[in-house]
Structure formats: C-alpha cells, structure tokens
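Q:
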Amino acid sequence: MSDNASFPRRAFLAGAGTLGFALAARPIAASAIHTDSQALRAGRAVIDTGGSPMPGYFARPAEGDGPWPLVIVIQEIFGVHEHIQDLCRRLAKRGYLAVAPELYFRHGNPAQAPDIDSLLRDIVSQVPDQEVLNDLDATWRWAGENGADLNRAAVTGFCWGGRQSWLYAAHNTKLKATVAWYGKLEGPATANMPKQPLDIAGQLRVPVLGLYGGKDQSIPPASVEKMKSALNAAGNHSQIVVYPDAGHGFNADYRPSYRARDAEDGWLRMLDWFALHGAPAQGR
530 MSDNASFPRR
540 AFLAGAGTLG
550 FALAARPIAA
560 SAIHTDSQAL
570 RAGRAVIDTG
580 GSPMPGYFAR
590 PAEGDGPWPL
600 VIVIQEIFGV
610 HEHIQDLCRR
620 LAKRGYLAVA
630 PELYFRHGNP
640 AQAPDIDSLL
650 RDIVSQVPDQ
660 EVLNDLDATW
670 RWAGENGADL
680 NRAAVTGFCW
690 GGRQSWLYAA
700 HNTKLKATVA
710 WYGKLEGPAT
720 ANMPKQPLDI
730 AGQLRVPVLG
740 LYGGKDQSIP
750 PASVEKMKSA
760 LNAAGNHSQI
770 VVYPDAGHGF
780 NADYRPSYRA
790 RDAEDGWLRM
800 LDWFALHGAP
810 AQGR
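One rule links them: number in this note's numbering = place in the sequence shown (from 1) + 529.
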C-alpha cells in the first residue's frame, strides 16, 4: 500500500454549499471535498452512442498529448453530480484520463429529482442493464478517440455504479482492472436487471476489487460472503475488502455516511489495484 501523502490534496468546505450536487443528495455535509482543476483539462464530454449523444464529464492532465491511462467512473445513484466530477479530477491529478458518462440520460435528470424515492421510481428503475453496458462501450470508444490508452484501462463505480462495475468487468475483457465500491451483489432477476454480480462471478476474466462496509444495511454481510465464496470457487484474481465499521456510501464525503479513514484506504487500494493489474497512473 502507498502512504497517505499520495491521497489527493483536498479542501473541506465549511457548509460546503449545494452547487452541483443532486437535489436528492442534500443537505451537503461540511466534509465535502473539492478538488480544483489546476493543471487539468476538465469539462463536458459528448459521447456518440450510435443514437442520441450521451453527455458526460471528463478530466485529464492539461500537459501533453497523451495517451493517458483510462478510468471510466460509473456514477452513483445520484448521477454525474459534483461528487462524481470531483472523483474524476482526483484521478486526473494522478495522471489518468477519467470520464464519467451520464448513464440515465435517456430517462430523466437525476439532479432534479426531489427525493430518493422519486429518483428510484422515476429514473433508476427504468434503466436496463444492457443499455448501460452498451453506453459504457460507447464511452470506451470515446476515450480511445480522445487520448486514452485502452491498453491501460480500468473502471471504478460507486453504489449503483459499483454493481454496474462488476457487470462491465464480465462484459469487457479488454479492461485491466475494476474496483467496485459498495455495489449490490444479489437480488431477484427482472427484465431490466436479468443478472446480478453473484450470477456472473464465474465469468469474470478481469480482476475486480470490491470495497464494502461491514455495517452496510443495504448489502448484508451474508451477501458479501456469498460473493467471496463464488470468487474463490471461480479461481480468478478478484478480491473483496470489508471495512468492519463502515456503512453504505463510506466514500461519499458530502454525506453523513462518510468515513475518512476507510475512504482514504480504499482510494489507495484502488490505485494500487490498477497499478498491479496493468493500469498504473502516469509515472507510477
């Protein structure tokens, strides 16, 4: 593991404000981290899906022409709001081209949903997994056309995106590594979600690091243990790390669920996982 000095420089905002955060994610905790864009190019991405263009957010180093190692950042339930954009900037500070596609874009604007129940009912439940996989493939192509080194490519995702990270690792075998933060692992099959990560554990060819909280009320320890057993039976190189005192969303620094020590450890483990499996940061 690396030491704590390698964690991105951050500013804890007194009161934090709410600009750029989804309505349903508010109020914003004072622990919210802001990473500046100094020495970066960052902003809007327009991604060709073969139909409607998909918006997204990207960040990369300002100097040089690349190619840069790639991290596709898969949004949490609230979409590509300020927290996800900040994570892209943190990765870009390490030398990555990071891009977060807005995977709900056909179904509504998650930033304007007034509460979590409305967000889940009206937007999240309407998004088919196959559509997400296709849109992540489109993001992969966009990245390759915009300076990313697809031979040094990884994915990470949070909450809703943590589950999608497991699924995409089974779908795109060209990835070098994946890190899934507290993504759901099992559940009933539906038309939009025909398979869960537990169902595809034996199909994984891309090493996945799963980061979970021992006190996550939405992902019980029994579910995590089932996934560990399935990964061991499959004999792949994937691993799961459990932080015993963390709940769901322990990396979400703008929410009360945030646990700084566990989040920082998870971030460093993520970077080391990428480096170990062939997607190191620039200069690492």
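Every residue gets a Cβ at the ideal spot worked out from N, C-alpha and C, and that includes glycine.
Using 8 Å as the threshold, is the stretch 660 to 677 in touch with the stretch 766 to 783, meaning 3 or more CB pairs across them?
A: No, they do not touch.
Q: Count Cβ pairs between the stretch 564 to 578 and the stretch 605 to 612 that sit closer than 8 Å; are there 3 or more?
A: No contact exists between the stretch 564 to 578 and the stretch 605 to 612.
Q: Can you find the residues in the same chain that come closer than 7 Å, C-beta to C-beta, to Ala558, ignoring five residues on each side of it along the sequence?
A: Contacts found: Ala545, Tyr783, Arg784, Pro785 and Tyr787.
Q: Looking only at its own chain, which residues have a Cβ that is under 6 Å from the Cβ of Gly776, when we skip the five neighbours before and after it?
A: If we look at Gly776 and ignore the five residues flanking it on each side, its Cβ neighbours are Gly742, Lys744, Asp745 and Ser786.
Q: Hey, could you find the ends of the alpha helix (DSSP H) Asn663 is sitting in?
A: From DSSP, the alpha helix (DSSP H) with Asn663 extends over Asp658 to Glu674.
Q: Looking at the C-beta of Ser752, does it have a partner C-beta in chain C at a distance below 8 Å?
A: No chain C is part of this structure, which consists of one protein chain only.
Q: Can you tell me whether Gly549 is helix, strand or coil according to DSSP?
A: Three-state result, Gly549: coil.
Q: If we ignore side chains and look at the alpha-carbon of each, how far apart do Gly580 and Val602 end up?
A: Looking at the two C-alpha atoms, the distance is approximately 22 Å.
Q: Pop quiz: Leu696 and Val753 are said to be a contact at Cβ under 8 Å. What is the actual Cβ separation, rounded to whole angstroms?
A: 17 Å between Cβ atoms; not a contact.
Q: Cα separation between Ala804 and Val708?
A: Going from the Cα of Ala804 to the Cα of Val708 covers about 12 Å.
Q: I'd like the span of the beta strand (DSSP E) that includes Val609, first residue to last.
A: Unbroken run through Val609: none, as it is neither H nor E.
Q: From the DSSP output, in three-state form, read off Asp678 for me.
A: Three-state DSSP puts Asp678 in a strand.
Q: DSSP three-state label for Ala699, please.
A: Three-state DSSP puts Ala699 in a helix.
Q: Do Leu599 and Asp678 have their beta-carbon atoms positioned less than 8 Å apart in this structure?
A: It is a contact, given that the beta carbons lie within the stated cut-off.
Q: Starting from Ile729, follow the alpha helix (DSSP H) in both directions and report where the run begins and ends.
A: Where Ile729 is concerned, the enclosing alpha helix (DSSP H) stretches over Pro726 to Ile729.
Q: Let me know the secondary structure DSSP gives Ala803 once reduced to three states.
A: For the sequence presented, residue 803 should be read as Phe rather than Ala. Reduced to three states, the DSSP call for Phe803 is helix.
Q: Between which two residues does the alpha helix (DSSP H) containing Pro750 stretch?
A: Element bounds for Pro750: Pro750 to Ala763.
Q: Taking 7 Å as the cut-off, is the CB of Pro643 close to at least one heavy atom of the ligand NAD?
A: The ligand NAD is absent from the structure shown, which contains no ligand whatsoever.
Q: Would you list the one or two residues that DSSP bridges to Arg570?
A: In DSSP, Arg570 forms a bridge with Arg589.
Q: Suppose you measure from the CA of Leu704 to the CA of Ala682; what does that come to, to the nearest Å?
A: If you take the alpha carbons of Leu704 and Ala682, they lie about 5 Å apart.
Q: In three-state DSSP terms, what is Trp796?
A: In this structure, Trp796 counts as helix in the three-state DSSP scheme.
Q: When DSSP labels each residue in this structure, what does Ala739 get in the three-state scheme?
A: One detail in the question is off: residue 739 reads as Gly in this sequence, not Ala. Strand at Gly739.
Q: What are the partner residues of His599, as DSSP defines its beta bridges?
A: Reading the sequence as shown, one finds Leu at residue 599 and not His. Bridge partners of Leu599: Leu626 and Ala682.
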